[in-house]
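*Asks:* Line order of the protein sequences matches chains A and B. Residue numbers for the first sequence follow the working numbering, beginning at 12 and rising by one. Residue numbers for the second sequence follow the working numbering, beginning at 9 and rising by one.
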Amino acid sequence: MTRGLAVRMLIVAVVAVAVSLLPFGLSGYHQGLAARVAIYFIAIMGLNILVGYTGQISIGHGAFMAIGGYTTAIMSYYHHTNLLLTLPLSFAVSFVCGLAIGIPALRLSGVYLALVTFALAVSIPQLPLKWSKWTGGSNGLRTHTTPSNTWVYGVAWGCAALLFVGAWLLLRGRIGRAFRSIRDSEVAAASSGVSLPVYKTFAFGVSAAYAGVAGSLFVLITNGFAQPNEFGVTLSLQILIGAAVAGLGSLWGTIAGAVFIGLLPQISSSFPVLGSNHGQDVVFGLIVILVMLALPNGIAGLLWTIDSRFKSAIKSPPRAS
Amino acid sequence: MRLVARKTRVSTGASVPVLIGIAAVCVFLVIGSLRSDIFAQQTVAGLSQGAVFASLALALVLIYRATEVINFAQGEMAMLTTYIAYQLTIWGVTYWVAFPLTLLISFALGIFIYGVFIRPVQHRSVIALVIITVGLFILIDGLVTWKWGADLKFMQAPFGNQVYHAGGVAFARQDIGVLAVTIVSVVLLWGLFQFTKLGLAMRAAALRPAAAALVGVRVDWMLAVGWGLAAVLGAVAGLMTEPTQFLQPTMMQAVLLYSFAAAVLGGLESPAGSVVGGLALGVFLNLVGQYVGWATSELRLPIAFVVLLIVLLLKPNGLFGRKQVRRV
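1. Can you look up residue 328 (chain B) in the DSSP assignment and give me helix, strand or coil?
2. Short check: CB of residue 240 (chain B) to CB of residue 111 (chain B), under 7 Å?
3. For a minimum of 4 consecutive residues, which ranges assigned as the alpha helix (DSSP H) are wholly contained in the region 55-134 of chain B?
4. Taking only the alpha-carbon atoms, compute the straight-line gap between residue 141 (chain A) and residue 310 (chain B) and give it to the nearest angstrom.
5. Rounded to whole angstroms, what's the CA-CA distance from residue 204 (chain B) to residue 212 (chain B)? Just pull it up for me.
6. Threshold first: 3 residues or longer. Then list the beta strand (DSSP E) segments lying entirely within the region 199-269 of chain A, N to C.
7. At least one CB of chain B closer than 7 Å to the CB of residue 80 (chain A): is that the case?
8. From B:291, B:147 and B:221, pick the residue whose C-alpha is nearest to that of residue 60 (chain B); which is it?
9. With distance defined between alpha-carbon atoms, name the residue in B:34, B:41, B:70 and B:55 nearest to residue 235 (chain B).
10. From what residue to what residue does the alpha helix (DSSP H) around residue 88 (chain A) run?
11. Residue 115 (chain A) CB to nearest chain B CB: under 7 Å?
12. Residue range of the alpha helix (DSSP H) that residue 41 (chain A) falls in?
13. Where residue 300 (chain B) and residue 168 (chain B) are concerned, what is the direct C-alpha to C-alpha distance, given to the nearest angstrom?
14. Which chain B residues sit within Cβ distance under 9 Å of residue 122 (chain A)?
15. List the residues of chain A whose Cβ lies closer than 8 Å to the Cβ of residue 125 (chain B), in chain order.
16. Going by beta-carbon coordinates alone, are residue 104 (chain A) and residue 82 (chain A) separated by less than 7 Å?
17. Indicate the three-state DSSP secondary structure (helix, strand or coil) for residue 321 (chain A) in the structure shown.
18. Taking the alpha helix (DSSP H) that residue 266 (chain B) falls in, what are its first and last residues?
19. In chain order, which continuous runs of the alpha helix (DSSP H) of length 4 or greater are located wholly inside the region 98-154 of chain A?
20. Do you know how far the Cα of residue 231 (chain B) is from the Cα of residue 75 (chain B)?
21. Within the 7 Å Cβ cut-off, does residue 128 (chain B) reach chain A?
22. In whole angstroms, what is the alpha-carbon distance linking residue 66 (chain A) and residue 224 (chain A)?
23. Go ahead and label residue 20 (chain A) buried or exposed: buried means 16 or more other beta carbons lie within 10 angstroms of its beta carbon, across all protein chains shown.
24. Say whether the region 97-113 of chain A touches the region 224-233 of chain A, bearing in mind that this needs 3 or more beta-carbon pairs closer than 8 Å, one atom from each stretch.
25. Residues of chain B with CB under 7 Å from residue 255 (chain A), in chain order?
26. Using the C-alpha atoms, what's the distance from residue 136 (chain A) back to residue 190 (chain B)?
27. Given that residue 307 (chain A) touches chain B, what residues does it touch there, using C-beta distances under 8 Å?
28. Can you find at least 3 beta carbon pairs, one from the region 257-277 of chain A and one from the region 144-161 of chain B, that sit closer than 8 Å?
29. Against chain A, with Cβ distances strictly below 7 Å, would residue 306 (chain B) count as a contact?
30. Residues of chain B with a CB under 9 Å from the CB of residue 118 (chain A): which are they?
31. Mark residue 170 (chain A) as exposed unless 16 or more other C-beta atoms lie within 10 angstroms of its C-beta, in which case mark it buried.
32. Which residue from B:192, B:104, B:238 and B:249 puts its Cα closest to that of residue 210 (chain B)?
33. Expressed to the nearest angstrom, what Euclidean distance is found between the alpha-carbon atoms of residue 40 (chain B) and residue 192 (chain B)?
34. Determine the DSSP secondary structure at residue 167 (chain B), reduced to helix, strand or coil.
The structure is reproduced here in structure tokens:
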């Protein structure tokens, strides 16, 4: 256990150093890409808290990203709020919205929850179109100041680190245990004294808050534009796919999922056969289906299997899950 | 075959108050239509749109009953088959020949998707199944955009653009045609399930897979046929959406949401309920759009979301569903 922890700390340190050194070697465009990876990382982490740890499905996290993104855009456009200050604000706003969805979600489970969150993802982007007087309609709303890619890169990875530590602390303790017990069996959890309403709603809130921060940063990386199209159903589906590929219930795997959906558009656009950026959806779909068919626990599960095979090969006692 | 028919009772599962409520709504619609031309026009247009929601909702219910999967890719499968019909007409096949051909192709497509993607994970968690269908959603979206592009395409109007006048009321021939085609396909399907041996075997496979297998029903094949039939219904929905939405990769996304709401309104397990739910939702959305000032067209999807949520919170089993007791 302590060895595992030390290895993980080492990985974190290496990643931290690499991330902080990267901007010096990257062009503005590639900094933008790297910032997107951080943004997806935050969003997938949030979704993973809900789906992977608490066992509540959501196909609608793009909706919370939209709420966060529009919070930033509206505060900056109308009140000239400092962009950094809008981030905790969208965290709070999305947290409240998450609770608001989490409360009716208490009565739903399984496919019904999937249906409702999908409907949420489809309908939220319609609202800016309805109240276009304040939100700019389909043209979108632009923040008062436009940050540089380097700025967004730094802030995004900073937020990612902060939120990762937050999630890690949250999930390792009492609350995390409660979440996992709900995922494994609601009845058993309730009989052991875990309050289902409190923890399920709280998981929804935290998860939405993470998505909200990701949404704010998402607006900043698209030159400060908040547009309904950017937050369509596809975004929600991509985040879910990222979480599935990373491995549900693995905080460490999240980074793999983020790299996957952050960089795949780049790789697939240079694909010889599919060409253009339409190829990305084909590759997304194929890979997530293959992963679900072949690796039920995603990349994290694969690494874990390799790790335990390796350990049993060198005759050390099998690791308890 | 007659033996089968004698034993089965036509049961919708609806309780008496619900049936009375539906009858009251029908009376309200008829009186309204007689008193106001615009009301009548909106009701007919709503029924025609509702028929499309109903057929896609029925497809969802078929699959849910057979395999307990909500197929999030149902709308995209319908979209793909509509593009196939478009391709056939490009190759010179006339519309009403391309129509049955497309249905055949979509039947095969449904069986293929079940066999390759769903069957291997059928006994895994709900989350895994949902993610697989989400993957299919995005895969089909990508394939269609890659092959045909994202711009609008147009097919020949299947019913022409004529408008009939009855009194002061104008009915588009297209609305009547859409309504007729979907009703005929739904009735044919109902007949298949109710009066044929194949239908009986499919119902048995869905309700009691183990027992059905013991009496010689090939359960896997029956479930596959169920997916195929659902894909056929979806193709009908897609082809009937095309005249109003035109061909584009996103054409079925809104329709899918309306169909979800319709299926849930009907109880998610009840075929009759999903048809009633679809028609009711279509009429409701049109009348609200006509008579409620702030409910502009941008709010149609959010309103459907609210309907979905309210039904699930107040009457989770829908209008036609039965209460379920879950064993721990």
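Built from N, CA and C at the ideal position, the CB exists for glycine as well. Only a predicted model underlies this, so the values are computations on that prediction, with no experimental measurement involved.
*Replies:* According to the structure shown:
1. coil
2. yes
3. 82-98 and 103-121
4. 10 Å
5. 12 Å
6. none
7. no
8. B:291
9. B:70
10. 72-90
11. yes
12. 39-59
13. 31 Å
14. 72, 76, 77, 78, 134, 137, 138 and 276
15. 300 and 304
16. yes
17. helix
18. 261-274
19. 121-134, 138-141 and 143-146
20. 7 Å
21. yes
22. 22 Å
23. exposed
24. yes
25. 139
26. 30 Å
27. 132 and 136
28. no
29. yes
30. 320, 321 and 324
31. buried
32. B:238
33. 27 Å
34. coil
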